[in-house]
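**Q** Protein chains in written order, with UniProt numbering: chain A, 1 to 594; chain B, 1 to 594.
#1: Apart from the five residues just before and just after residue 133 of chain A, which ones in its own chain have a Cβ nearer than 7 Å to its Cβ?
#2: Would you tell me roughly how many angstroms separate the C-alpha atoms of residue 306 of chain A and residue 316 of chain A, rounded to the nearest one?
#3: Compare the C-alpha of residue 483 of chain A against each of A/463, A/325, A/442, A/526 and name the closest.
#4: Going by DSSP, what residue range makes up the alpha helix (DSSP H) through residue 13 of chain B?
#5: CB residue 110 of chain A to CB residue 94 of chain A, shorter than 7 Å?
#6: Check each candidate in A/271, A/423, A/341, A/537 and name the one with the smallest Cα separation from residue 183 of chain A.
#7: For a contact defined as C-beta to C-beta under 9 Å, what are the partners of residue 424 of chain B on chain A?
#8: Using a Cβ-Cβ cut-off of less than 7 Å, give me the residues of the region 555 to 569 of chain A that come near chain B, in sequence order.
#9: How is the alpha helix (DSSP H) around residue 34 of chain A delimited, first residue to last?
#10: Where does residue 304 of chain A land, buried or exposed, given buried means 16+ other C-beta within 10 angstroms?
#11: Taking 8 Å as the threshold, find out whether the region 494 to 502 of chain B comes into contact with the region 443 to 461 of chain B through three or more Cβ pairs.
#12: Answer with buried or exposed for residue 69 of chain B, where buried requires no fewer than 16 other C-beta atoms within 10 angstroms of its C-beta.
#13: Flag this pair as touching only if the region 358 to 376 of chain B and the region 504 to 519 of chain B have three or more C-beta atom pairs under 8 Å; answer yes or no.
#14: At 3 residues or longer, and completely inside the region 105 to 178 of chain B: list those beta strand (DSSP E) runs for me, N to C.
#15: Tell me the DSSP bridge mates of residue 264 of chain A?
#16: In chain A, which residues lie with their C-beta within 8 Å of the C-beta of residue 493 of chain B?
#17: Please give the ranges of any alpha helix (DSSP H) in the UniProt domain "Acetyl-CoA dehydrogenase-like C-terminal" (463 to 585) of chain A, keeping only runs that are unbroken, at least 4 residues long and fully inside the region.
#18: Within this structure, are the beta carbons of residue 116 of chain B and residue 50 of chain B separated by less than 7 Å?
#19: Across the region 3 to 16 of chain A and the region 354 to 366 of chain A, are there enough close Cβ pairs to call them in contact, namely three or more that are closer than 8 Å?
#20: Flag residue 178 of chain A as yes if its beta-carbon sits less than 7 Å from any beta-carbon of chain B, otherwise no.
#21: Taking three-plus beta-carbon pairs below 8 Å as touching, is the region 254 to 262 of chain A in contact with the region 73 to 81 of chain A?
#22: Would you mind stating whether residue 341 of chain B and residue 441 of chain A have Cβ atoms separated by less than 7 Å?
#23: Under the three-state reduction of DSSP, which class applies to residue 270 of chain B: helix, strand or coil?
#24: Is it true that the region 335 to 355 of chain B meets the region 33 to 43 of chain B, where meeting means three or more beta-carbon pairs spaced less than 8 Å apart?
#25: Whole angstroms are fine: how far does the CA of residue 300 of chain A sit from the CA of residue 397 of chain A?
#26: In whole angstroms, what separates the C-alpha of residue 470 of chain A from that of residue 563 of chain A?
#27: Would you give the residue range spanned by the beta strand (DSSP E) that residue 342 of chain B belongs to?
#28: DSSP three-state label for residue 316 of chain A, please.
#29: Taking the alpha-carbon of residue 216 of chain B as reference, which of B/179, B/233, B/142 has the nearest alpha-carbon?
#30: Based on the DSSP output, what are the partners of residue 232 of chain B in its beta bridges?
#31: Which of the three DSSP states is assigned to residue 433 of chain A in this structure?
#32: Tell me the rounded alpha-carbon separation between residue 404 of chain A and residue 422 of chain A.
#33: Taking the C-alpha atoms as reference points, what is the distance between residue 86 of chain B and residue 320 of chain A?
#34: Helix, strand or coil for residue 5 of chain A per DSSP?
#35: Please list the terminal residues of the continuous beta strand (DSSP E) segment that includes residue 68 of chain B.
#36: What residues of chain A sit near residue 285 of chain B, judged by a beta carbon separation below 8 Å?
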């Protein structure tokens, strides 16, 4: 399998040259001290850790999987040691609050770190990744005592956390969960119920695990307004007594086999209310964007990892001659990268990896603002952009990331199907990204229903204005014409389509459901077009100024051209499918099969 | 996992009502006796076997996989017994020649049988499936003695066969294979070399295995014109002596884990030349269409199997309320089939399964003609249609079948990722269909380069004429207008696009390579549009005549509408991507990453 190599040049291009993070951090009181050198030094430390510690145990972790024996979960060889090193290097606490021992660095730097650990070994990255949800929950809603007791340990990495939401009958529809919380005389609660799909619910990497559990109080209203949050530690802090929560089994999955996906049985376990009663879902929604951007990242990781493997192979593997005559006449055949159909696969991977990287990093700069700004207005603007773009990033990037992972298999031909080469593992590991944290379909409904139609298009206009401004600023630039013209046209079309759907949905809300997924994909392609145009602009300016490595910037412009010419036309199909509306989807359940 | 149920109603619709196979068989001297009752009786026997014997061991076979120990391969529990029953029922010899003990039934009936066994258990179906290649090779090119010795045993199923083509450095590019054949004094040959990816190369289901091996004679010209075919039995007929061919290992794969994919070491193994020396590839090309249609079928099986599982789940699983108000108010939520985004997934699966079924069965009627007609003209027409449509069927149906398999996982949400439910297995098993028997990219080049451009469009016109005739015949039918108008437009556009590519490719052959995959997908969508229009016509005529089950025919028309409204617009994107040409794909190998 191809060894992972952190794409530091491209990461630095995105952070320094496109997003100009140094200035961005300077503008935020909490992060004003973070300069270019610190950014680069963190990236380099992360790159070494990902390349040397995580990448080598990625395939072995997949083959070995997690062990389970009577409630005890064993992670694959090397996982525990890598986690210890991660904690020792302080890599898990980069973006955690200083008050609890974190390094207080901006979330956007944390996400760059997560890209590297995630591409090198997504399964492993799930363990520290799950702690973030618990950390965020406690930091925002915990009492001072809860912060004191739990947060410091979670931030240091001595303990890990989970989010216990799903029950076997209730996934996307959390309103119907059944887990119960009975108040006790001492102010604690007895939690009873069974949660499934709990990532990192049980493992051998940390000394304690803190579960954030969704449950219902006895007098709770039905539905989503009757859900409260509870902290349930595996071992009781202080006494060290084993709490009544136990892993009942682990799932046998298609991929991320080294990540323990646990059934967790709460059998009168002691829990502590966190946040106000019956407001559990509200408390959680605060972090839902962060969690979804974290999952969007998995699409980027898949595209990057698969691209690296495929590129190496395409330069090495010999088959057939180029249609325009031998390119390696001294060999018995040409390397397959000479074939345009192979380059089409590789460029698609590259365009999604690099475009996706900017999308996720850029979104994370809004999180920086939410955490690091002191201006309510700035925060509102950032929050609005996050709200609109997060479901796009989550659904679109995981869909195209999965496509890119499949292209990697395709470049390898039959060898792509063989586990030894590592390409099929990326496909299997990535498949879940289209499901967890809300499926593509759920994200699409969130985007079109809640974010766009329910705001009368206000959130959409926030973003199309940004795009419009970019187009207006560059319309006089001859070299940018090939990007600005189609982008401006799409930006206008986006609003038009939205209007058309909105009109139809007023008479039948199912029209929104029928349009949602195509609308989301359309939005994703347009958003990424804006990002590629932006990158092309930066690269062209550098070329014009004669600064830096011309070959790098030329390739960047060329990839933007590929994206506009060979990917963006997909929007044409989505528009026509959206306009076809609901009618042909109206088949009665009994008419599907005979 | 959902139990497989053979879709007999739809299979009979395709065979009797659309293809009218009874009349078709009557027109072919070799198959004139095959009537409707015989067809139905064969289908019902196959359905019972697939449902009761193969479906139950599909998931257990995936979990257990094949065992390997010092050259010996053990198939999973139940595989051997199912094979014995298959042989006992005579199901393997349906379409084999009567002279060798086969039943002499038409290939199109054999393919319907293969759909059922393949959907129920693709891994298992690989074992008897591989015998077909060997049977066809020996039947066409074997000496009377070779037929006597090998063919009867292969047809009865006592022995199985393989096709040994690939070497580790040579997959699609067979011209560079290295396996050698040294002539011996007794007229036999000593075969030496290593073949990889040999399906059913070793197993415990039959008493002998007959390998058809591609190798080079000592004086063979370089490249594809120096390849000969050899028969290499595992045990020597007569003496029963073990031959010098041994399985070196089996591959660890993403899917079809119960199908043994073997490395075969030929160490001076005794082989017998079959067919003329150095003409091995020509001999093989005769059956390449059949093998590719057999692989196209895997796409249909994936779509059908995944659709069955997803439909069951979508009717059962409760989540959220319909946007237009509760549909199951007595339950805590509505079944997810009420959501248009879920129906979009299901209808996409259904459209690909049923459209793909007709595509494969229809193509097989041309094989019927090639085997059963005595008219050279009929055979030429059938062969031309096969040549044009086979790469489309192979590449397009496996691509959309894989898409459909993924939709099945998506309908299940997080549960789709869990092995227990069986949906992710279909994804893993199907992934190889886009690779073996020539990747999507290779098929696309075959279609656009060899079939379309090299014949100056003659083979394409053969088919567009058929479509044109259909459109002309139905243009006066008001109910058919919604299908005929777009189909006629696409049929014309297809020719126009081809002209444009042809012009560009004259000055730069890489333009064909750049367009090939999108051209193939475009061709697939148009071909399937014709087939859906055809099915809609048959269904509408039945409805007008008040014959049969109106609900079935209405659903058929509705699915055709879905296909035209919600799938066919994808052609728009492909046209624009084709027209964008080669330019943006011209990136130098060293510019892909820095």
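Quick reminder that beta carbons are idealized off the backbone N, C-alpha and C, glycines included. All of these numbers come straight from a predicted model, not from anything done at the bench.
**A** So, from the data block:
#1: Here residue 133 of chain A refers to the residue found at position 133 when the first chain is read from its first residue. So the list reads 161, 163, 212, 287, 291, once near-sequence residues are dropped.
#2: Residue mapping note: residue 306 of chain A aligns to position 306 of the first chain, counting from 1. Residue mapping note: residue 316 of chain A aligns to position 316 of the first chain, counting from 1. A direct Cα-to-Cα measurement between residue 306 of chain A and residue 316 of chain A gives close to 16 Å.
#3: Counting from one through the first chain, the residue named residue 483 of chain A turns up at place 483. Closest option to residue 483 of chain A, judged by alpha-carbon separation, among A/463, A/325, A/442, A/526: A/526.
#4: Sequence index remark: in the second chain, residue 13 of chain B carries index 13 (1-based). Annotation: residue 13 of chain B is outside any alpha helix (DSSP H) and is labelled neither H nor E by DSSP.
#5: The residue labelled residue 110 of chain A in the question sits at position 110 within the first chain. The residue labelled residue 94 of chain A in the question sits at position 94 within the first chain. Taking 7 Å as the Cβ cut-off, residue 110 of chain A and residue 94 of chain A qualify as a contacting pair.
#6: On the first chain, position 183 is the one that residue 183 of chain A refers to. When only C-alpha atoms are compared, the closest one is A/271.
#7: One-based indexing of the second chain puts residue 424 of chain B at position 424. Going along chain A in sequence order, the residues near residue 424 of chain B (Cβ under 9 Å) are 253, 254, 255, 428, 431.
#8: Answer set for the region 555 to 569 of chain A: 555, 558, 561, 562, 565, 566, 569.
#9: By 1-based counting over the first chain, the position of residue 34 of chain A is 34. Run containing residue 34 of chain A: none; DSSP gives neither H nor E here.
#10: For this step, residue 304 of chain A is matched to residue 304 along the first chain. Under this definition residue 304 of chain A is a buried residue.
#11: Touching, yes, given that three or more Cβ pairs across the two stretches are closer than 8 Å.
#12: The residue given as residue 69 of chain B occupies position 69 in the second chain. Label assigned to residue 69 of chain B: exposed.
#13: Contact fails between the region 358 to 376 of chain B and the region 504 to 519 of chain B, because fewer than three Cβ pairs, one in each stretch, are under 8 Å apart.
#14: Those beta strand (DSSP E) runs which fall completely within the region 105 to 178 of chain B and span 3+ residues are 159 to 164.
#15: If you number the first chain from 1, residue 264 of chain A lands on position 264. Its beta-bridge partners are A/195, A/247.
#16: Here residue 493 of chain B refers to the residue found at position 493 of the second chain. Neighbourhood of residue 493 of chain B in chain A, by CB distance below 8 Å: empty, with the nearest CB roughly 14 Å away.
#17: 481 to 507, 510 to 545, 550 to 562, 570 to 579, all fully within the UniProt domain "Acetyl-CoA dehydrogenase-like C-terminal" (463 to 585) of chain A.
#18: Your numbering for residue 116 of chain B matches position 116 in the second chain. Your numbering for residue 50 of chain B matches position 50 in the second chain. By the CB criterion at 7 Å, residue 116 of chain B and residue 50 of chain B fall inside the cutoff.
#19: Taking 8 Å as the limit for Cβ pairs, the verdict is that the region 354 to 366 of chain A does touch the region 3 to 16 of chain A.
#20: In the first chain, the residue the question calls residue 178 of chain A occupies position 178. Answer no: the Cβ-Cβ gap between residue 178 of chain A and chain B never drops below 7 Å.
#21: Taking one beta carbon from each stretch, the region 254 to 262 of chain A and the region 73 to 81 of chain A have 3 or more pairs nearer than 8 Å; the two touch.
#22: For the purposes of this step, residue 341 of chain B is taken as residue 341 along the second chain, with counting starting at 1. For the purposes of this step, residue 441 of chain A is taken as residue 441 along the first chain, with counting starting at 1. Between residue 341 of chain B and residue 441 of chain A, the C-beta spacing is below 7 Å.
#23: Here residue 270 of chain B corresponds to residue number 270 of the second chain, with the count starting at 1. Residue state, collapsed to three classes: strand.
#24: Result no; under three Cβ-Cβ pairs closer than 8 Å.
#25: Numbered from 1 along the first chain, position 397 holds the residue referred to as residue 397 of chain A. Numbered from 1 along the first chain, position 300 holds the residue referred to as residue 300 of chain A. If I take the Cα positions, the gap works out to 7 Å.
#26: The sequence position of residue 470 of chain A within the first chain is 470, counting from 1. The sequence position of residue 563 of chain A within the first chain is 563, counting from 1. Here the alpha carbon of residue 470 of chain A sits roughly 18 Å from the alpha carbon of residue 563 of chain A.
#27: Along the second chain, one-based indexing puts residue 342 of chain B at 342. Not the beta strand (DSSP E): residue 342 of chain B falls in the alpha helix (DSSP H), residues 340 to 372.
#28: Counted from its first residue, the first chain places residue 316 of chain A at position 316. In this structure, DSSP gives residue 316 of chain A a helical state, which the three-state scheme calls helix.
#29: Residue numbering aside, residue 216 of chain B sits at position 216 when the second chain is read from its first letter. Comparing Cα positions, the closest option is B/179.
#30: The count along the second chain starts at 1 and reaches residue 232 of chain B at position 232. Under DSSP, the beta-bridge partners assigned to residue 232 of chain B are B/211.
#31: For the purposes of this step, residue 433 of chain A is taken as the residue at position 433 of the first chain. In this structure, residue 433 of chain A counts as helix in the three-state DSSP scheme.
#32: For this step, residue 404 of chain A is matched to residue 404 along the first chain. For this step, residue 422 of chain A is matched to residue 422 along the first chain. Using only the alpha carbons, I get a separation of about 14 Å.
#33: Indexing the second chain from 1 puts residue 86 of chain B at position 86. Indexing the first chain from 1 puts residue 320 of chain A at position 320. Taking the straight line from one Cα to the other gives about 41 Å.
#34: Within the first chain, residue 5 of chain A is the residue found at index 5, counting from 1. Assignment of residue 5 of chain A by DSSP, reduced to helix, strand and coil, places it in the coil class.
#35: Counting from one through the second chain, the residue named residue 68 of chain B turns up at place 68. In the DSSP annotation of this structure, the continuous segment of the beta strand (DSSP E) that includes residue 68 of chain B starts and ends at 67 to 69.
#36: Reading the second chain from its first residue, position 285 is the one you call residue 285 of chain B. At a C-beta separation below 8 Å, residue 285 of chain B has no neighbours in chain A, since its nearest C-beta there lies roughly 17 Å away.
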